[in-house]
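If you read the sequence shown in numbering that gives the first Met the number 0, its first letter stands for residue 0, the second for the next number, and so on.
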Amino acid sequence: MQQDTLRELAVVLFERVKANASIDWTIKESVKAKLKVIVKRTLRQYSYLPDMQKLAVETVLKQAEMLANEVASGAVNGS
């Protein structure tokens, strides 16, 4: 996959996950499942390699969870 396409895919994934994540999405399995479907569909839309999709979905959700935790801890600490 070309670097420009990968960059565009990353931006689209970020926006879609951000738009569909609720405050407690890391706890609710139904919301996690919905996000997985959104990520999988987006990867297919960009012709992402099928054998790499599972790892990509896990990576995207793990990064989103880390970002959510970082934002939450910043809000608690007043940063």
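C-beta: ideal position from N, C-alpha, C; glycine also.
Classification of residue i by the beta-carbon crowding that lies within 10 angstroms, buried from 16 upward
| i | result |
| --- | --- |
| Thr-58 | exposed |
| Leu-48 | exposed |
| Leu-54 | exposed |
| Val-56 | buried |
| Val-70 | exposed |
Three-way DSSP call (helix, strand, coil) for residue i in this model
| i | result |
| --- | --- |
| Asp-3 | helix |
| Thr-41 | helix |
Through-space distance from residue j to residue i, alpha-carbon basis
| i | j | result |
| --- | --- | --- |
| Gln-1 | Lys-35 | 24 Å |
| Lys-61 | Asp-3 | 23 Å |
| Glu-7 | Ile-37 | 16 Å |
| Arg-43 | Ser-72 | 33 Å |
| Ala-67 | Lys-39 | 20 Å |
Inter-residue CB distance, residue i and residue j (contact presumed, cutoff 8 Å)
| i | j | result |
| --- | --- | --- |
| Val-11 | Thr-41 | 6 Å |
| Ala-20 | Ala-63 | 7 Å |
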